[in-house]
Amino acid sequence: MRTALNAAAVPDVAIIQIVREELLQAREKQPQCLAAAMQGKAASAFVVANAATQLSPLLSGTIGGDVQICWCTQTSSAGAAGPSNPGGSRACVHPVNPTKSDPPRHTSISSRSLAMPGGKRLINFSAGPCQLPIEVLEDVQKEIADYNGWGISVLEMSHRGSHFKKVLTEATETALKFLEVPQTHSLLFMSGGATGQFAAQALNFINAEHPVADYAVTGYWSKYAMVEGSMFGKTRAVTNAADMGFLEIDPIDSWDLSNKPAYIHYCDNETIEGMEFPSPPPLKLHRPECLVIADMASNLGTKPVEWGNIDLAYAGAQKNIGVAGVTVVVLNRAIVGRTATRCPSVLNYKKILDASSCLNTPPAVNIFVTGRTLKHLASVGDLGYWDRLCTKKSDAVYGQCDHSEGFFVAPVKPTFRSRVTVRFAIAANETAVQQEIQDRRKQDASEAPLDGSGAYTPEYTKQDHLAIEEARAKDNQLTKQFLEIAEKHDMICLEFQEQYSVV
């Protein structure tokens, strides 16, 4: 009889990496999806083994004793996953450290990729920057040296010149249309990422008339936002999901809202904790005159947004809609009159809006690439399509966890499970098993990133769909490999190895 593992006793081990040399040798030309794990508060990463010599990260580390998976949905036009072809896409695997024997680079990214061993690019499940579509890379490649045949690179354009104004206008209009932003709202391109916005919102809106800002603390990033805001005014937590182990969010009726807060801030998707609001909290029903600010750093562009319930939303472009170095801010123009005079110009929403995102020198090339990425995403499908795809992918992972007989545990309550950052744990708590996994990791996982005590996989809108299917298929092998070590240490019977199947 199989002995079940105790899912309640999950230790601070993120995910299991077992790199079996005989497996690598036997399947020299077949990329294998493996996983990594460490003891205590260490992080882990899925890896791809290719040609038995290269390891590259497929999963980046975060915090907490659990693991999160972030699948990305970037697609390609050739076999692209879209409304008419929901399953098509390309795979992306290549050696992390190319050797002298690797083929030389070519002018075409596609031809260079196809010339690599296995004809694939790296499957990048990084937390961000995320993988870009090959179409965007080729588009940018053509324009980077000579934009639109005008004899000037986008890298050297004057931000006051007509060439960049065309780039900015195109990117802005594409973003407004793709994100379905209403006429009441405007879109800004800023710098500083979400962290810069933590300070910007406090500097803009906390003032003598509204001296207190409310924060819904549902995870690491919303708490970080509150702490950053406290440097410029009084902040308070109206709810704290830590009280429930970051497994669910209190109903809004129980939130301890201030009478007249400067704004109410919430994080729509907590990347690390794997919790997402199923819909924007109806804060306007409770405080009609209050500003509602949403951190959408990891899910802007993955679903339709009820803009009538949000006055300001922000996101670094690198996760879903572009590249690092530019921050997308969508704001209700009615709120800019509340900005404080003490706010530095580079963070002042009114001044940046009045200057059409060109108050100071903007990150031109980042805006250009983001605009082209948005254009590509829009050509594949609208927000409803991306929402359905993210839901389909995350449901597959959650289903696999829920049907693994306790081997994988997805602890977040189903209502609040994220569609884009899937958190799970592995029930493994024996010291001997942990030590063997640790030893194998030291030997083989040369590329595993370390950060905190867990791991997650971004399920953003820029990842190849076939890469996700490939990773899911290889997870069965991962489970069997782990169970082999578990059996060695008398933890679990190999009977489960035959019963396990991908959902």
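Under this note's numbering, the residue at position 194 of the sequence shown is numbered 195, and the numbers go up by one with no gaps.
All C-beta atoms in this analysis are idealised placements derived from N, C-alpha and C, irrespective of residue type, glycine included.
According to DSSP, which residues form a beta bridge with residue i?
i: residue 266; result: 216 and 294
i: residue 187; result: 332
i: residue 241; result: 218
i: residue 235; result: 213
i: residue 122; result: BP columns for residue 122 are empty, so no partner.
DSSP three-state label for residue i, please.
i: residue 313; result: strand
i: residue 424; result: strand
i: residue 339; result: helix
i: residue 409; result: strand
i: residue 10; result: Here the model assigns residue 10 a pLDDT of 29, short of 50, so the residue's position is not dependable, and the following value carries that caveat. Three-state result, residue 10: helix.
i: residue 271; result: strand
i: residue 277; result: strand
i: residue 73; result: Any answer about residue 73 is weak, because its pLDDT of 36 lies below 50 and its placement is not dependable; what the coordinates show is given next. Residue 73 falls in the coil class under three-state DSSP.
i: residue 300; result: coil
Using beta-carbon positions only, say whether residue i and residue j come within less than 7 Å of one another.
i: residue 370; j: residue 248; result: no
i: residue 215; j: residue 259; result: yes
i: residue 420; j: residue 402; result: no
i: residue 159; j: residue 364; result: no
i: residue 169; j: residue 366; result: no
i: residue 144; j: residue 377; result: no
i: residue 372; j: residue 171; result: yes
i: residue 190; j: residue 327; result: yes
i: residue 374; j: residue 323; result: yes
i: residue 300; j: residue 349; result: no
i: residue 379; j: residue 233; result: no
i: residue 398; j: residue 423; result: yes
i: residue 235; j: residue 212; result: yes
i: residue 220; j: residue 274; result: yes
i: residue 388; j: residue 304; result: yes
i: residue 425; j: residue 409; result: yes
With residue i and residue j assumed to form a contact (beta carbons below 8 Å), what rounded beta-carbon distance in angstroms separates them?
i: residue 267; j: residue 217; result: 4 Å
i: residue 311; j: residue 337; result: Not a contact, Cβ separation roughly 15 Å.
i: residue 188; j: residue 329; result: 7 Å
i: residue 332; j: residue 164; result: Contact doesn't hold; Cβ gap of about 27 Å is too wide.
i: residue 228; j: residue 257; result: Actually they are not in contact, since the Cβ atoms of residue 228 and residue 257 sit about 18 Å apart, beyond 8 Å.
i: residue 226; j: residue 298; result: That pair is no contact at about 10 Å.
Hey, could you find the ends of the alpha helix (DSSP H) residue i is sitting in?
i: residue 178; result: 163 to 179
i: residue 195; result: 194 to 206
i: residue 367; result: 365 to 381
i: residue 392; result: 384 to 403
i: residue 285; result: 284 to 287
i: residue 138; result: 135 to 145
i: residue 352; result: 350 to 355
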